[in-house]
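Structure, as structure tokens:
Chains as they are written, first to last, in our numbering: chain F, 27 to 395; chain H, 27 to 395.
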């Protein structure tokens, strides 16, 4: 394997794949990045076997070939190189590479490429096309609600559901739920559902660009595949049944208000500062024409009145401050509708004038005096 | 106490003093910032009794007065406020303040200002004036060599020495030493020496601006004082004798080279990447017309040849990679002179054409094969 590449291109590819590499894998070859040169492309692959990321860049090839290089060294080393043409050279059969930059050289020991596991290959399955910027924002809007509790695996994933032209993402940790719909251009014949690990989708969100260029998503029985021109992400799916989430979304409300998202977000964040050493809840009082955000703790008190049209009954309700902040940040809307079903039952947040998204939040118990 | 202030001014003052506050002090009042309003100035003070920082800003005063507010809440709270006029109001005798911003209010419990320790007052001592930007850079050039070892207190400080027109800073952790001289405009009658805690000088460096405006330094028997128009820093001195550092600085060398600082710095940092999992030393080989930076470890090898005029005998010497990188970064010069006295004795680094600064570095033992 012998090729010349630019430092920015190499860094781009290493940054793309390195989050999939597990530097402490018991299988040494998986602590490295697979470098493969075919034609004038260099394919870099990182994998922890659950999640695999492959990125390809253009290089000037002298000899095709492959090698696995340890992430522990290759990533920081390439980052530290000067921005001049960089040559990689590995003698066939050797497990070292010599990297030449100007008159200097560095050599790193690696592993044989034959030991590296292969990417799962795409057989069949349902494929859809979504603009990258849309998918990135959809993921941001639901990923905060994914659970970290590994003992209940389905909640650590996002339900991805395609039915006709409707593409839907749902995430919940049982305290809050976020749901986003997107209208596809083309109809899918067979409805399909899959639970994709939150970690995988975090990487998909990180790696998709702020561009309208499309990303292709293919859901198979055990794997999901995401691909753009220079990127392929493959992930195992989470086995199990996603809970019947639709029945927990309230259809009626007793109190409803429409307020400026920024105002309620800032008030919640300030109030949470006073609550952070005790029971971290914030009180929302819906009264005629305003929503009052308040907290009283040993540290002091805060009161902010946010004007907004309130329909229905006056109501006092407490929310976990961090959960409320995260739900508000995910809204992506200047104004929001807050729909309450009672002081002890689920609240629904919606971006005003946009029915493609909602998030649901269970209230917290009021603090004891 | 009642005053109106802008958020940026308040944040500036809180940021200035907060590093001196010890949030876990056993004396509760020291976990807060002292707010004192006199005339149209607000004086903020933070102190851990060793180090005291006071910053003053202009405010619109309605009533003079004072209160101590806990750093745990006041800092993040002010940071989270909107950028609109902010009013502080505390009823005399009360230990709470009400902060009003627009139609919203927050109240924080504090402490009585009478409990707060006073700043040490300036009696006599030697005063000098140095441009802030010069002092900031002088401190950067020596602080890296300060020791963290609290069992030998004098090495955790910087020796500050004034003699006639010469102002000198020296720091050493016994493995390396940095010395910087500065020519004062006015002559000081009585020579003076003091050992100032590295932590204090880190704060002085952080708080001095990139401006030619002068900072005044007064050294007393037990305290050092730094002051500008809006800032006062007071620090206890470190007791003890600073070691006779001048006699360890070599006066002769066997090998000397002049090289580009950037080249040798980059080569050292790349070489250190390969050495980081084992014995972290880098080899420097001075030969005819070049300095070769190299490392050979289990991870691989690196070799960079940096051209430069070499005088004297060829020589191989090893240095701790981090110590060398830190010494190189402190030089502040495009080119440097590296003077060696032998493979096992101290090396001297000087900025080319600038005799106001030098740093000294002991070599490391060569790695075992």
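Just so it is clear, CB atoms sit at the ideal spot from N, CA and C, and this is done for glycine as well.
- Look at the segment 336 to 368 of chain F and you find these whole runs of alpha helix (DSSP H), each 4 residues long or longer: 347 to 355.
- At a cut-off of 8 Å between C-beta atoms, residue 132/H counts as an interface residue with respect to chain F.
- In terms of Cβ geometry, residue 158/F and residue 212/F do not form a close pair [threshold 8 Å].
- Residue range 183 to 198 is occupied by the beta strand (DSSP E) that includes residue 189/H.
- For secondary structure counted as the beta strand (DSSP E) over 3 or more consecutive residues, the segment 241 to 298 of chain H holds these complete runs in sequence order: 249 to 254, 257 to 262 and 281 to 286.
- Distance from the CA of residue 218/H to the CA of residue 45/H, rounded to the nearest whole angstrom, comes to 28 Å.
- Listed along chain F, the residues sitting closer than 8 Å to residue 99/H by beta-carbon distance are 299, 300, 325 and 326.
- Residues of the same chain with a CB within less than 6 Å of the CB of residue 309/H, apart from the 5 flanking positions on each side, are 320 and 344 in chain order.
- Rounded to whole angstroms, the gap between the alpha carbons of residue 116/F and residue 141/F is 17 Å.
- Residues of the same chain with a CB within less than 7 Å of the CB of residue 179/H, apart from the 5 flanking positions on each side, are 264 and 266 in chain order.
- Only residues of its own chain outside the window of five on either side were considered, and among them 104 and 105 have a CB closer than 7 Å to the CB of residue 37/F, listed in chain order.
- Excluding the 5 residues flanking it on each side, residue 361/F has same chain C-beta neighbours closer than 8 Å at 284, 285, 286, 287, 377, 378 and 379, in chain order.
- With respect to the 8 Å criterion, residue 255/H and residue 297/H are not classified as neighbours on the basis of their beta carbons.
- In the structure shown, the three-state DSSP call for residue 100/H is helix.
- At least one CB atom of chain H sits nearer than 8 Å to the CB of residue 122/F.
- Annotation for residue 107/F: 33 and 127 place their beta carbon closer than 6 Å to its own, counting only its chain and skipping 5 residues before and after.
- Using a Cβ-Cβ distance cut-off of 8 Å, the segment 68 to 85 of chain F and the segment 224 to 243 of chain F are in contact, since at least three pairs of beta carbons, one from each stretch, lie closer than that value.
- The beta-carbon of residue 106/H is placed less than 8 Å from the nearest beta-carbon of chain F.
- Per the C-alpha coordinates, the member of 371/H, 43/H, 62/H and 214/H positioned closest to residue 280/H is 371/H.
- Out of 134/H, 174/H, 168/H and 188/H, the CA that lies nearest to the CA of residue 155/H is found in 188/H.
- Sequence-distant Cβ neighbours of residue 198/H in its own chain, meaning closer than 7 Å and more than five residues away, are 171, 181 and 271.
- Of the residues assessed, residue 202/F falls on the buried side of the cut-off, its CB having 16 or more other CB atoms within 10 angstroms.
- Any Cβ of chain H closer than 8 Å to the Cβ of residue 38/F would place that residue at the interface, and such an atom is absent.
- By the Cβ test, the segment 331 to 341 of chain H is in contact with the segment 312 to 319 of chain H, since at least three Cβ pairs between them sit closer than 8 Å.
- Between residue 299/F and residue 137/H, the gap from beta carbon to beta carbon reaches 8 Å or more.
- Taking a C-beta distance under 8 Å as the contact criterion, residue 373/H and residue 364/H qualify as a contact pair.
- Per the DSSP secondary-structure output, residue 391/H pairs with nothing in a beta bridge.
- Sequence-ordered contacts of the segment 312 to 341 of chain H with chain F read 325, 326, 327, 328, 329, 330 and 331 [C-beta pairs closer than 7 Å].
- Taking CB atoms only, residue 135/F has a neighbour in chain H less than 8 Å away.
- Bounds of the alpha helix (DSSP H) holding residue 34/F are 33 to 43.
- Cβ neighbours of residue 87/F within its own chain (closer than 6 Å, five residues either side excluded): 29, 63 and 66.
- Taking the Cβ atoms as the reference, residue 40/F lies roughly 7 Å from residue 70/F, within the contact range of under 8 Å.
- Inclusion of residue 294/F and residue 354/F in the CB contact set at 8 Å is warranted, their separation being smaller than that value.
- Look at residue 140/H here: in three-state DSSP terms it is helix.
- If the five residues before and after residue 194/H are omitted, its C-beta is found closer than 8 Å to the C-beta atoms of 185, 186, 187, 188, 205, 206, 207 and 208, all from its own chain and listed in chain order.
- For residue 295/H, the C-beta contacts it makes with chain F under 7 Å involve 106, in order along the chain.
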